[in-house]
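The listed protein sequences correspond, in order, to chains A and B.
Those letters in the first sequence? Residues 1 to 241, per the working numbering, in order.
Those letters in the second sequence? Residues 1001 to 1241, per the working numbering, in order.
From the three backbone atoms N, C-alpha and C, an ideal C-beta is built for every residue, glycine too.
Down below is the structure, laid out as structure tokens.
2 protein chains.
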Amino acid sequence: MPSTLYIIGTGPGDPELLTVKAINALKKCPVFVTPKGSPNGNSTALSIVKQAVDTRGKEIMELHFPMIKIHIGTMPITEVREAWQHAARTVLSLLEQGKDVAFPTLGDPAVYSTGYYLYENIMEIDPAACVKFISGITAMSSCSAATAIPVCLGDEMLAIIPATFRDHRLRQTLEIFDTVVLMKVHKVIPHLCTLLGELGLLGKSVLVERAGMDNERVINDLTTITEPPHYFSTIIVRKKG
Amino acid sequence: MPSTLYIIGTGPGDPELLTVKAINALKKCPVFVTPKGSPNGNSTALSIVKQAVDTRGKEIMELHFPMIKIHIGTMPITEVREAWQHAARTVLSLLEQGKDVAFPTLGDPAVYSTGYYLYENIMEIDPAACVKFISGITAMSSCSAATAIPVCLGDEMLAIIPATFRDHRLRQTLEIFDTVVLMKVHKVIPHLCTLLGELGLLGKSVLVERAGMDNERVINDLTTITEPPHYFSTIIVRKKG
């Protein structure tokens, strides 16, 4: 088996929410490459991993991935691409040295994860590189577990969308779907409260801050929120039940 | 801490995809209660659990939960309710005896799981009963990992819906969302191929059969499917990338 990059979901925060597969891959890899949103920031994914496996003797490379800037467009796109290409070349060089590499990413690689930016940049340089994905527990699942609210049952329809849209899509989705999981809510609570109020859905909404972490907080009445909640906040709007 | 019912997501099939938290809870509980769709059927969730933990010495109660009949309506609804109430009373009786109970459920309790039917019936009888949910890896995450296709990136919108609708909702969702995860697809492949073809999305669709299980199969061209795939099949329709 050739040297492999494992893109590993760490789950939402509780180190016990890593899978056995994730832990086995982390134990096996001599190198961890982790993303940081800012040059002086900490990697949340790495801090979870450190609680789950012994990292003594591991080579840990914290690389700066300017993720947010891709969306808000304040950094030249070439600078973003260069950061990702640098990360991709770094990982490929490690694989060429015969080292397996772990890239832990918060939650699940499938859902709003940085892992795919790394993957795509690697595939552009070397489509034959060996990359495997190991699923993690999503913030959505963790919010559901914290509140005992299922996100879908029977024939129900579920939507997962960023709450940052200001066009018709947010309202349209809230009107059509049985359950809507709103991500990236921390900066738009007042706007959401207005919209959910207009749709008669405030009583059907719950916010979970830091789901699956030690300081998890469940807020059942969104109108009581006076300050922006933590970045790791998710709202479940469930019409039934 | 009072005796507790743990509703535990087993993930999609690979026993390594259980979380450490799930395994610790399973080890701790002296009784496993597991759902079976038919009186003579096997519990897939239990078969996964048996590969992950030593079940010698555990009391295993396989109860018949006539799940499917709730939706297709061929069984009197009272009979369904009675089966669930019986299960709820059985679990409550075990908790009263001071025993922790594990209820393993395929995938994640949040997403189309039988666990919530048990939970709701228990809450109706005893709202003070101690029930905890332990998240699992969803079929969606597992399909994403198998195909290296993210389900959402950046500002994308994701929908998860049963593919069995025959009204406008399926088409509408496929038109609006960036990624659509279609569940319960095995009986409606010809209908889906027609619809996806009309919307120009056949080339953007992939079916994963038994994701995360030993005999996982990825089908990139849905039109090549001549026989209904396995019940554990999911389609990801991703417009971008």
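Between the beta-carbon of residue 164 of chain A and that of residue 184 of chain A there is about 5 Å, and that keeps the pair under the 8 Å contact cut. Fully enclosed beta strand (DSSP E) runs of no fewer than 3 residues occupy 130–134, 158–162 of the stretch 127–164 of chain A, in order along the chain.
Annotation: residue 177 of chain A to residue 1111 of chain B spans about 15 Å, alpha carbon to alpha carbon. Residue contact with chain B for residue 209 of chain A: absent (no Cβ-Cβ distance below 9 Å to any residue of chain B). Legend: CB atoms of the stretch 1108–1136 of chain B lying less than 9 Å from CB atoms of chain A belong to residues 1108, 1109, 1110, 1111, 1112, 1113, 1115, 1116, 1117, 1119, 1120, 1123, 1131, 1132, 1133, 1134, 1135, 1136. For residue 47 of chain A, the uninterrupted alpha helix (DSSP H) run begins and ends at 44–52, by DSSP. By the neighbour-count criterion, in which 16 or more other beta carbons inside 10 Å mark a residue as buried, residue 82 of chain A falls on the exposed side.
Within chain A, no C-beta atom comes nearer than 9 Å to that of residue 1001 of chain B; the closest sits roughly 16 Å away. Close partners of residue 202 of chain A in chain B (Cβ separation under 9 Å) are lacking, with about 22 Å as the shortest Cβ gap. Going by C-alpha positions, residue 1052 of chain B is about 29 Å away from residue 210 of chain A.
For residue 1177 of chain B, at least one C-beta of chain A is nearer than 9 Å to its own C-beta. By the 16-neighbour rule on beta-carbons within 10 angstroms, residue 2 of chain A is exposed. For the stretch 202–231 of chain A, there is no continuous alpha helix (DSSP H) assignment of 4+ residues that stays within its boundaries.
Judged by DSSP secondary structure, residue 200 of chain A falls outside any alpha helix (DSSP H); it is assigned neither H nor E.
Taking a Cβ-Cβ cut-off of 7 Å, the neighbours of residue 18 of chain A in chain B comprise 1019, 1020, given in sequence order. Short of 8 Å from the beta carbon of residue 45 of chain A, and not among the five residues preceding or following it, lie these beta carbons of its own chain, in chain order: 10, 34, 35, 104, 105, 106. Buried is the label assigned to residue 1043 of chain B, since at least 16 other Cβ atoms lie within 10 Å of its Cβ. Around the CB of residue 1231 of chain B, fewer than 16 other CB atoms lie within 10 Å, so the residue is classed as exposed.
The stretch 1205–1219 of chain B and the stretch 1137–1145 of chain B touch, with no fewer than 3 CB-CB distances between them shorter than 8 Å. Around the beta carbon of residue 91 of chain A, 16 or more other beta carbons sit within 10 angstroms, so the residue counts as buried.
In the DSSP annotation of this structure, residue 171 of chain A is not part of any beta strand (DSSP E); the continuous alpha helix (DSSP H) holding it starts and ends at 169–176. Annotation for residue 84 of chain A: 117, 121 place their beta carbon closer than 6 Å to its own, counting only its chain and skipping 5 residues before and after. Taking 9 Å as the cut-off, the beta carbon of residue 1017 of chain B is found closer than this to the beta carbon of residue 135 of chain A. For residue 233 of chain A, same chain residues with a beta-carbon under 8 Å away, outside a window of 5 residues either side, are 185, 186, 207, 208, 209, 210 in chain order.
Within chain A, 16 have C-beta atoms less than 9 Å from the C-beta of residue 1024 of chain B, given in sequence order.
Only exposed fits residue 228 of chain A, as fewer than 16 other CB atoms lie within 10 angstroms of its CB. Using a Cβ-Cβ cut-off of 7 Å, residue 1151 of chain B is close to 110, 111 of chain A, given in chain order. Exposure of residue 59 of chain A is indicated by the presence of fewer than 16 other C-beta atoms within 10 angstroms of its C-beta.
The beta carbon of residue 1173 of chain B is closer than 7 Å to those of 1159, 1161, 1180 in its chain, skipping five residues each way along the sequence. Using a Cβ-Cβ cut-off of 9 Å, residue 1158 of chain B counts as an interface residue toward chain A, since at least one Cβ of chain A sits closer than that to its own.
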